[in-house]
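Engineer: Read left to right, the sequence shown gives residues 306 to 498 (our numbering).
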Amino acid sequence: MTIQHFSLLNKTTRQQIIDEIHSLVLPISPLFTPKMKSGAKFNYQMTCCGDIGWISDHFGYRYSKLHPETQQPWAKFPPSLSTIIDYLKLQGYIPKNYQAQTCLINKYLAGDKLGLHQDKDEQNLTAPIISISLGASGIFQLGGMNRKDQVQEIILNPGDIMIMADEDRLRFHGFKGILKGHKRVNLTIRQVY
Ligand code: MD3
Ligand code: FE
Numbered sequence: 306m307t308i309q310h311f312s313l314l315n316k317t318t319r320q321q322i323i324d325e326i327h328s329l330v331l332p333i334s335p336l337f338t339p340k341m342k343s344g345a346k347f348n349y350q351m352t353c354c355g356d357i358g359w360i361s362d363h364f365g366y367r368y369s370k371l372h373p374e375t376q377q378p379w380a381k382f383p384p385s386l387s388t389i390i391d392y393l394k395l396q397g398y399i400p401k402n403y404q405a406q407t408c409l410i411n412k413y414l415a416g417d418k419l420g421l422h423q424d425k426d427e428q429n430l431t432a433p434i435i436s437i438s439l440g441a442s443g444i445f446q447l448g449g450m451n452r453k454d455q456v457q458e459i460i461l462n463p464g465d466i467m468i469m470a471d472e473d474r475l476r477f478h479g480f481k482g483i484l485k486g487h488k489r490v491n492l493t494i495r496q497v498y
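1. Quick one, which of M351, I326, M341, E374 has its alpha-carbon nearest Y278's?
2. Any heavy atom of ligand 2 within a distance shorter than 7 Å of the CB on H478?
3. On the three-state DSSP scale, how would you describe T317?
4. To the nearest angstrom, how far is it from the Cα of S436 to the Cα of L484?
5. Using the Cβ count rule (16 or more neighbours within 10 Å means buried), how would you classify F536?
6. Spell out the partners DSSP gives E458 in its beta bridges.
7. Quick one, which of N429, I410, D465, G448 has its alpha-carbon nearest L421's?
8. Which residues in the same chain have their Cβ closer than 8 Å to the Cβ of S442, if we skip the five residues on either side of it in sequence?
9. Is it the case that the Cβ atoms of L409 and Y349 are separated by a distance below 8 Å?
10. Three-state secondary structure (DSSP) at P378?
11. Measuring alpha carbon to alpha carbon, tell me which residue in C354, Q455, M341 is nearest I333.
12. Identify which residue in Y366, S343, P378, G365 has its Cα closest to the Cα of D356.
13. Using CA coordinates, which residue listed in A415, L395, V497 is at the minimum distance from T431?
14. Please state the DSSP three-state secondary structure of I399.
15. In whole angstroms, what separates the C-alpha of S369 from that of L313?
16. Determine whether the beta carbon atoms of L434 and D426 lie at a separation below 8 Å.
17. Under a three-way DSSP split, which group does T388 fall into?
18. Under a three-way DSSP split, which group does D471 fall into?
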């Protein structure tokens, strides 16, 4: 199995991550609404931390060393996230030489969603992607290697971790919406190069 999905983070740890995002990341790298080439807005807000960050604008999708609105380098990884990455290495969930270069922070309010897509903007398509779910539970969609393949719905709860590796890293996937509650935050940690 190259998708691992498990519940890991207790309430205290989840709150610590949220607190560190508010105190250490957002003041330096504020949330923004990404736009497609067409100018249409995505239905959620995002920001990033780490050496580089995923952005989308009228030039398309890419990784950038600078926040698109402040034009400043991204905030550093908050310590609680580095601790989780170390733990996942220690437990053998990800390779010891994994380099967590960026964390994409997606914020969904009620009604927000993310359409089916593949994650192909990374030069390194073999390093696993780590997802951490916080806040409200929501419905994650997992498809196959082709857009038309059947999609399965998976509930993601706060504290859940999903690790996508090998061939499953390139599956189509999306986020259908939050189930109940007001706000979901999803973190995706990547080695891009
Ligand atoms: C399965 N985020 O940031 S996280 C994304 O809920 C993204 O914010 C969604 O898709 C969200 O690109 C889903 C879980 C996830 C992330 C990447 C995957 C699942 C994946 C890549 C391949 C297969
Ligand atoms: Fe994705």
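Glycine included, C-beta positions come from ideal geometry on N, C-alpha and C.
Owing to the predicted nature of the structure, the values given are computational and were not obtained by experimental measurement.
Structural biologist: Once the coordinates are examined:
1. Nothing in the structure corresponds to residue 278, since the chain is present only between 306 and 498.
2. Result yes, Cβ under 7 Å from ligand 2.
3. When secondary structure is reduced to three states using DSSP, T317 falls in the helix class.
4. Answer to the nearest angstrom: the Cα atoms are 18 Å apart.
5. No answer is possible for residue 536: it lies beyond the span of the chain, which begins at 306 and ends at 498.
6. Paired residue(s): Q446.
7. Residue G448 is the option with its Cα nearest to L421.
8. Here the set comprises I460, L461, N462, P463, I483, L484, K485, G486, R489.
9. No. Outside cutoff.
10. Strand at P378.
11. Per the Cα distances, C354.
12. With distances taken between CA atoms, D356 lies nearest to P378 out of Y366, S343, P378, G365.
13. Per the Cα distances, V497.
14. Coil at I399, not helix or strand.
15. Taking the straight line joining both Cα atoms gives about 30 Å.
16. Strictly speaking, residue 434 in this sequence is Ile, with Leu absent from that position. No, these two residues do not count as a Cβ contact at 8 Å.
17. T388: helix per DSSP, three-state reduction.
18. Reduced to three states, the DSSP call for D471 is helix.
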